[in-house]
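One structure is given here, and the rest of the page talks about it.
Chains as they are written, first to last, in the numbering used here: chain A, 721 to 1100; chain B, 53 to 341.
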């Protein structure tokens, strides 16, 4: 055990260094900068093991990763907010191209106007791009998840986004158990996938095809991604044997007699965890995997505990519809014999959720029993 | 390296250019290909027009994907593979310029080849910043015409101080091949600008491609030269005797039809001015040698 004090961003960078990548291509953006700076420092000390490329935009960062991954290299990039939005075309392209890539996104509100708070709408709005998405609630979790994401991505040949909140996670220092380098390299192993570009093999890679051919590829991609929860659990089983920690696609706390569950992703899950003792007959679910959406795990949990109500914490708002996690959950529980009522607390703008706000939302007379949703700003 | 049965139009300058290119640089070759006519010419998988891998990429990304592929191949021990990024004028002059500039500034170790047919031809002849003054396109239909000069991509690349940049065109295959082989031997970022006549876009007969390509050089509209390290300029293929009047190059192209004499004179003046400026750079290089 080697505990070090580090921020969530540093934990992400340390994970990448421990895994060992051939190439990091990145462009700085608040609040992600500490990740690229830490990786550049590793390169400066000759400890990165691969190349660090300072590119001219986020779009270029992901494009560069695509080219290298097509050659069979293990790659990483990190971004946030506007950077992720700017990458959008390449985000789609990389999943269609079935190249394994691990990318960290540090949540930050997308403008206008300029804003820095950690609204999760940046990554949630990349929902349909064919990337897996895993949300983390602390620095240790970030470090472990980034390492695991390489295995998941390389096994399924689908890119994976590891997501955490700007500032609350990226800039908050925690004691983190940093795994031994050799032990990690042995656990991760060399990249197992075949290069798409092999100079001796003529191939027209990702060239124009018909709709029928595309339909097969999309179906294959979808069915492959649905395997992610099982593969992720298996990775965590092995991870626990080596490092003594593990995570689920969802992680839950269900005190005896729980009839109501609070569902949250990212840093707010930690707030919920700490507030639970103040709430009666209330449990919690930390939604870690968002794509694929862990429908089966969630429905099984709700069914096993006869859950009547799920209060979703949505640090985002899809204008014209509401919180994105709540919508996803509504769709997931539809068809259950006794689906729980889904309520939503919307922290649009990335505003903070305090324990007081949470208690107020769940206990006062105007509680969520009578309304569908509450705006975070009204709970102050 | 170019298979029969590719999807190019008859008389396509871009198909010829890539045939010369792959012949000069192959067989240990990997091509990054951005959205352009060649996205179609390359054929539909599992078929392929070339005897080397082609990695397709989104329109603005070519310069960056080339950087990644080069470094990825290096990481896998494939240092000897020549990486070529192939883009049209849109993917070079317009939407691809940022990635191109970034890669050139980092002195990435690959060859960027722009085949320039002077408009968005794959989508049906829309204006690009490589379209010459006076030409009609489907986004500048008669009585409109392209206003403003063709972007001087070679000066832009020279300003990056890259190890090697050269112009070439299909009527001079020996000149093109010599430049390609020279570029292949150089490490760092290399750039080739190839003028590629487009019969359907330019409104010319498919049998006129070579003739037009030669006229472009002989009129001084598209001089053949190379630039080493951004400072050393050299003419590689001088027109014999006096330059041919530009009108002879323009008159059989439908895109310049109905071009008034005044505008032809304006374009001739522009060509003359650029020619003089080029000669000055070449003379200055001779003096400093």
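Yeah, the Cβ is synthetic: ideal placement off N, Cα and C, and Gly gets one too.
- Look at the stretch 89-107 of chain B: the residues with a C-beta under 9 Å from a C-beta of chain A are 91, 92, 94, 95, 96, 97, 98, 99, 100, 101, 102, 103, 104, 105, 106, 107.
- With respect to the 8 Å criterion, residue 1025 of chain A and residue 974 of chain A are classified as neighbours on the basis of their beta carbons.
- Judged by DSSP secondary structure, residue 315 of chain B falls within the alpha helix (DSSP H) whose first and last residues are 313-340.
- Residue A/941 holds the alpha-carbon nearest to the alpha-carbon of residue 873 of chain A among A/778, A/1032, A/941.
- Of all residues in the stretch 1033-1044 of chain A, none comes within less than 9 Å of chain B when Cβ atoms are compared.
- Separation of the CB atoms of residue 105 of chain B and residue 919 of chain A is rounded to 6 Å, and the pair is thereby assigned contact status at 8 Å.
- Fewer than three pairs of CB atoms, one per stretch, sit closer than 8 Å, so the stretch 1081-1097 of chain A makes no contact with the stretch 850-866 of chain A.
- Per DSSP, reduced to three states, the secondary structure at residue 825 of chain A is strand.
- Within the DSSP secondary-structure output, residue 214 of chain B pairs in no beta bridge.
- Contact note: residue 150 of chain B reaches chain A through 776, 777, using a C-beta cutoff of 7 Å and chain order.
- The three-state secondary structure of residue 58 of chain B, taken from DSSP, is coil.
- Between residue 1035 of chain A and residue 1083 of chain A, the beta carbon gap of about 21 Å keeps them out of contact (Cβ cut-off 8 Å).
- Beta-bridge partners assigned by DSSP to residue 287 of chain B: B/277.
- Annotation: the continuous beta strand (DSSP E) that includes residue 1095 of chain A extends over 1093-1095.
- Assignment of residue 897 of chain A by DSSP, reduced to helix, strand and coil, places it in the strand class.
- Assignment of beta-bridge partners to residue 1032 of chain A by DSSP yields A/983, A/1064.
- Straight-line measurement puts the Cα of residue 205 of chain B at about 51 Å from the Cα of residue 725 of chain A.
- Contacts between residue 785 of chain A and chain B, judged by CB atoms closer than 8 Å, involve 120 in chain order.
- If you draw a straight line from the Cα of residue 828 of chain A to the Cα of residue 886 of chain A, it is about 6 Å long.
- Counting the other Cβ atoms within 10 Å of the Cβ of residue 65 of chain B gives 16 or more, which makes it buried.
- When rounded, the separation of the alpha-carbon atoms in residue 1066 of chain A and residue 71 of chain B is 59 Å.
- Proximity of residue 67 of chain B to chain A, defined by a Cβ-Cβ separation below 8 Å, is not satisfied.
- Around the CB of residue 67 of chain B, 16 or more other CB atoms lie within 10 Å, so the residue is classed as buried.
- When the five nearest sequence neighbours on each side are left out, the beta carbons in the same chain lying within less than 7 Å of the beta carbon of residue 772 of chain A are those of 744, 759, 760, 763, in order along the chain.
- Pairing residue 301 of chain B with residue 219 of chain B gives a Cβ-Cβ distance that is not under 8 Å.
- The beta carbon of residue 127 of chain B falls within 8 Å of a beta carbon belonging to chain A, placing the residue at that interface.
- Contact note: residue 84 of chain B reaches chain A through 787, using a C-beta cutoff of 8 Å and chain order.
- Any Cβ of chain B closer than 8 Å to the Cβ of residue 770 of chain A would place that residue at the interface, and such an atom is present.
- Burial check for residue 964 of chain A: the Cβ neighbour count within 10 Å stays below 16, so the residue is exposed.
- Considering only B/281, B/325, B/291, B/238, the residue with the shortest C-alpha distance to residue 270 of chain B is B/291.
- Close to residue 833 of chain A, with beta-carbon spacing below 9 Å, lies no residue of chain B; the smallest spacing is near 25 Å.
- Its chain contains 84, 109 as the residues whose beta carbon lies nearer than 6 Å to that of residue 117 of chain B, once the 5 sequence neighbours on both sides are disregarded; these appear in chain order.
- Identification of residues in the stretch 231-253 of chain B having a C-beta nearer than 9 Å to some C-beta of chain A yields an empty set.
- About 6 Å separates the Cβ atoms of residue 186 of chain B and residue 198 of chain B, confirming a contact at the 8 Å cut-off.
- Across the set A/728, A/816, A/959, A/948, the C-alpha of A/816 shows the shortest separation from the C-alpha of residue 928 of chain A.
- Nearest neighbour of residue 281 of chain B by Cα position, chosen from B/172, B/239, B/114, turns out to be B/239.
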